[in-house]
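Numbering (the numbering used here), first residue to last: 11 to 346.
Only one structure is covered here, and it is reproduced in the block below.
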Amino acid sequence: MNEALLELDGLKVYFPVKGGVLLRARAENKAVDGVSIRIEKGETLGLVGESGCGKSTLGKAVVRLLEPTAGKVRFDGRDISHISRRQMKPIRRDVQMIFQDPAESLNSRHTVGSLIGEAFEIHGIGEPDWRKRRVVELLEQVGLPAAAADKFPFEFSGGQRQRIGIARAIALEPKLVVCDEPVSALDVSIQSQILNLLLDLQEQMGLSYLFIAHDLAVVKHISDRIAIMYLGQLMEVGGADEVYAHPKHPYTRALIAAIPEPDPSRRHRAKEVLEGDVPSPINPPSGCVFHTRCPSAARRCETDKPLLRDVIASDRVAHQVACHFDLQAGQRESVR
Numbered sequence: 011m012n013e014a015l016l017e018l019d020g021l022k023v024y025f026p027v028k029g030g031v032l033l034r035a036r037a038e039n040k041a042v043d044g045v046s047i048r049i050e051k052g053e054t055l056g057l058v059g060e061s062g063c064g065k066s067t068l069g070k071a072v073v074r075l076l077e078p079t080a081g082k083v084r085f086d087g088r089d090i091s092h093i094s095r096r097q098m099k100p101i102r103r104d105v106q107m108i109f110q111d112p113a114e115s116l117n118s119r120h121t122v123g124s125l126i127g128e129a130f131e132i133h134g135i136g137e138p139d140w141r142k143r144r145v146v147e148l149l150e151q152v153g154l155p156a157a158a159a160d161k162f163p164f165e166f167s168g169g170q171r172q173r174i175g176i177a178r179a180i181a182l183e184p185k186l187v188v189c190d191e192p193v194s195a196l197d198v199s200i201q202s203q204i205l206n207l208l209l210d211l212q213e214q215m216g217l218s219y220l221f222i223a224h225d226l227a228v229v230k231h232i233s234d235r236i237a238i239m240y241l242g243q244l245m246e247v248g249g250a251d252e253v254y255a256h257p258k259h260p261y262t263r264a265l266i267a268a269i270p271e272p273d274p275s276r277r278h279r280a281k282e283v284l285e286g287d288v289p290s291p292i293n294p295p296s297g298c299v300f301h302t303r304c305p306s307a308a309r310r311c312e313t314d315k316p317l318l319r320d321v322i323a324s325d326r327v328a329h330q331v332a333c334h335f336d337l338q339a340g341q342r343e344s345v346r
């Protein structure tokens, strides 16, 4: 096993739900509920799940935009779970984020040059002339002309704005970039360009990615490993090809079945349609949190919480699943 750049150990992020006249905390929204995972140097881990499952919350906790409720976040061997903003400042040079909506994440009152160059000012890097030259180099690196530095974000298309966001994220030459659904707001043709840009930058700079998305097809294209998340917990983790070809968890199978199939000759594959709505993270189901929607649930699933366990994988990459049963062997007493 290679050296880990990022390690999450039992990470929890809860939000208080307040009510009453005094607005006291009456419950907790368990957005991230005990996630343990690692990202190795130079690796891309894809994090997949439905909207509201806690993916973006986990990503923001990694870069310390949100404070973890419990558990640990270790970056490059150092525990950064609860360090101060002052202690976190030098680490931010190595941990950056690309946001989902570039129109919202880029200040429309600042020029592109000032937005990208701001990182150098904050960290006291270089002289003004050097910063200007470096901004131009970064723009060219992400496929934009030097003249873009003097323009404002609203003068660009969505794909171009995302390139600006990427240039800002790589300005300090980080080790880890958290990509929070960076292509979900873009046209399909532009998505492929941005994904290929991220892959090129990874090869050039040796970057590691935590790539968050709800589209399993997109994640498979860019990821080395895939983690499937549901209601704040991990359901399955494994090599991208292995998870896609041999999914072990019913939720993973349902996500793959939902991917549109462009080839009419292959549209005969069985669809595993999930029934019901996602439960509230304020009051998640007991036992396996997925059992209320699982077509293969048994009585044990209602009371016993499954832990991630190793299963046989054909690609020699560790494959784990949080399910009591092997779906390819045996039968169980269904509660449906």
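Where a beta carbon is used, it is the ideal one built from N, C-alpha and C, also for glycine.
Nothing here was measured: the structure is a model prediction, and the numbers come from that model.
Handout entry: Contacts around A35, its chain only, beta-carbon distance under 6 Å, and the 5 residues preceding and following it disregarded
Key = Residue 35 sits at position 25 when you count from the first residue of the sequence shown. So the qualifying residues of the chain are P26, K28.
Exercise for the section: Quick one: measure Cβ to Cβ for R48 and A71, integer angstroms, because I've assumed they're closer than 8 Å. Expected result: For the purposes of this step, residue 48 is taken as residue 38 along the sequence shown, with counting starting at 1. For the purposes of this step, residue 71 is taken as residue 61 along the sequence shown, with counting starting at 1. Their Cβ separation, rounded to whole angstroms, is 15 Å, which puts R48 and A71 out of contact at 8 Å.
Problem - Cβ pair G248, H120 closer than 8 Å - result: Position 238 of the sequence shown, counted from the start, is the residue given in the question as residue 248. Position 110 of the sequence shown, counted from the start, is the residue given in the question as residue 120. Not in contact: G248 and H120 (Cβ atoms no closer than 8 Å).
Problem - Spatial distance of V345 from R235 (CA atoms) - result: The sequence position of residue 345 within the sequence shown is 335, counting from 1. The sequence position of residue 235 within the sequence shown is 225, counting from 1. Only weak support exists for where V345 lies, its pLDDT of 42 falling under 50; the value from the coordinates is given anyway. Near 33 Å, if we compare the C-alpha coordinates of R235 and V345.
Handout entry: Distance between beta carbons of P192 and Q106, contact taken as under 8 Å
Key = Sequence index remark: in the sequence shown, residue 106 carries index 96 (1-based). Sequence index remark: in the sequence shown, residue 192 carries index 182 (1-based). The pair is not a contact, with the Cβ atoms about 12 Å apart (cut-off 8 Å).
Practice task
Spatial neighbours of V73 within its chain, please: CB distance less than 7 Å, with the 5 preceding and 5 following residues excluded, ordered by chain position.
Solution key: Taking the sequence shown and counting its residues from 1, the one referred to as residue 73 is at position 63. So the qualifying residues of the chain are V105, M107, V188.
Practice task
List the endpoints of the continuous alpha helix (DSSP H) containing A250.
Solution key: Start at 1 with the first residue of the sequence shown, and residue 250 comes out as number 240. 250 to 255 is the extent of the alpha helix (DSSP H) around A250.
Practice task
Within the same chain, show all residues whose beta-carbon is closer than 7 Å to that of K65, passing over the 5 residues directly before and after it, in chain order.
Solution key: What you label residue 65 is simply residue 55 of the sequence shown in a count that begins at 1. These residues qualify, in order along the chain: L57, G59, I222, M239.
Practice task
Note down, in chain order, each residue of its chain lying with its Cβ closer than 6 Å to the Cβ of A158, except the 5 sequence neighbours on either side.
Solution key: The residue you call residue 158 lines up with position 148 of the sequence shown. Answer for A158: V122, L149, listed in chain order.
Handout entry: Under 8 Å between C-beta atoms of C304 and P260
Key = Along the sequence shown, read from residue 1 onward, the residue named residue 304 stands at position 294. Along the sequence shown, read from residue 1 onward, the residue named residue 260 stands at position 250. Contact flag set, yes.
Exercise for the section: Indicate whether L211 and I204 have their beta-carbon atoms separated by less than 8 Å. Expected result: For the purposes of this step, residue 211 is taken as the residue at position 201 of the sequence shown. For the purposes of this step, residue 204 is taken as the residue at position 194 of the sequence shown. It is not a contact, given that the beta carbons lie outside the stated cut-off.
Handout entry: Endpoints, the alpha helix (DSSP H) within which R310 is located
Key = One-based indexing of the sequence shown puts residue 310 at position 300. Per DSSP, R310 belongs to the alpha helix (DSSP H) from 309 to 313.
Handout entry: Assigned secondary structure, K99 (DSSP; H/G/I helix, E/B strand, else coil)
Key = For the purposes of this step, residue 99 is taken as the residue at position 89 of the sequence shown. K99: coil per DSSP, three-state reduction.
Handout entry: Three-state secondary structure (DSSP) of E165
Key = As a first step, residue 165 is located in the sequence shown; it is residue number 155 there, counting from the start. Helix, per DSSP.
Problem - DSSP-derived helix/strand/coil call for R141 - result: Your numbering for residue 141 matches position 131 in the sequence shown. It is helical.
Problem - Uninterrupted alpha helix (DSSP H) stretches inside the region 172 to 234 (no shorter than 4 residues) - result: 198 to 215, 226 to 232
Practice task
May I ask you to report which of helix, strand or coil DSSP gives S46?
Solution key: For the purposes of this step, residue 46 is taken as the residue at position 36 of the sequence shown. Three-state result, S46: strand.
Practice task
Rounded to whole angstroms, what's the CA-CA distance from E343 to L318? Just pull it up for me.
Solution key: For this step, residue 343 is matched to residue 333 along the sequence shown. For this step, residue 318 is matched to residue 308 along the sequence shown. Since pLDDT at E343 reaches only 43, below the 50 mark, its modelled position is unreliable, and the value read off the structure follows with that caveat. Rounded to the nearest angstrom, the two C-alpha atoms are 22 Å apart.
Practice task
Taking L55 as part of the beta strand (DSSP E), name the residues at either end of that continuous run.
Solution key: Along the sequence shown, one-based indexing puts residue 55 at 45. Note, L55: beta strand (DSSP E), 54 to 58.
Problem - Where the alpha helix (DSSP H) containing V122 begins and where it ends - result: One-based indexing of the sequence shown puts residue 122 at position 112. Segment 122 to 132, the alpha helix (DSSP H) holding V122.
Practice task
Kindly indicate which residue of E137, W140, R141, A177 has the alpha-carbon position closest to the one of P366.
Solution key: Residue 366 lies beyond the range of the chain shown here (11 to 346); nothing can be said about it.
Handout entry: Proximity to K315 [Cα-Cα], best of A323, S296, S324
Key = Locating residue 315 in the sequence shown gives position 305, where the first residue counts as 1. Answer by Cα proximity: S296.
Problem - Straight-line Cα distance separating I101 from Q214 - result: By 1-based counting over the sequence shown, the position of residue 214 is 204. By 1-based counting over the sequence shown, the position of residue 101 is 91. Approximately 21 Å, taken between the alpha carbons.
Practice task
Let me know the secondary structure DSSP gives L32 once reduced to three states.
Solution key: The sequence position of residue 32 within the sequence shown is 22, counting from 1. Correct three-state label for L32: coil.
Handout entry: G81 - containing alpha helix (DSSP H), residue span
Key = Numbered from its first residue, the sequence shown carries residue 81 at position 71. Counting along the chain, G81 falls outside any alpha helix (DSSP H), though it belongs to the beta strand (DSSP E) covering 80 to 85.
Practice task
Following the continuous beta strand (DSSP E) through V72, name the residue where it begins and the one where it ends.
Solution key: Translated into positions along the sequence shown, residue 72 becomes position 62. That residue, V72, is in no beta strand (DSSP E); its alpha helix (DSSP H) goes 65 to 72.
Exercise for the section: Below 7 Å CB to CB, which residues in the same chain sit around D287 once its five sequence neighbours on both sides are set aside? Expected result: Indexing the sequence shown from 1 puts residue 287 at position 277. The answer is none, since no qualifying residue turns up.
Problem - Three-way DSSP call (helix, strand, coil) for P26 in this model - result: Here the question's residue 26 lines up with position 16 in the sequence shown. Strand at P26.
Handout entry: Neighbour-count burial assignment, I180, 16 or more Cβ in a 10 Å radius
Key = Your numbering for residue 180 matches position 170 in the sequence shown. The residue in question, I180, is buried, as its Cβ has 16 or more Cβ neighbours within 10 Å.
Exercise for the section: May I ask you to report which of helix, strand or coil DSSP gives E77? Expected result: Taking the sequence shown and counting its residues from 1, one reaches residue 77 at position 67. Coil.
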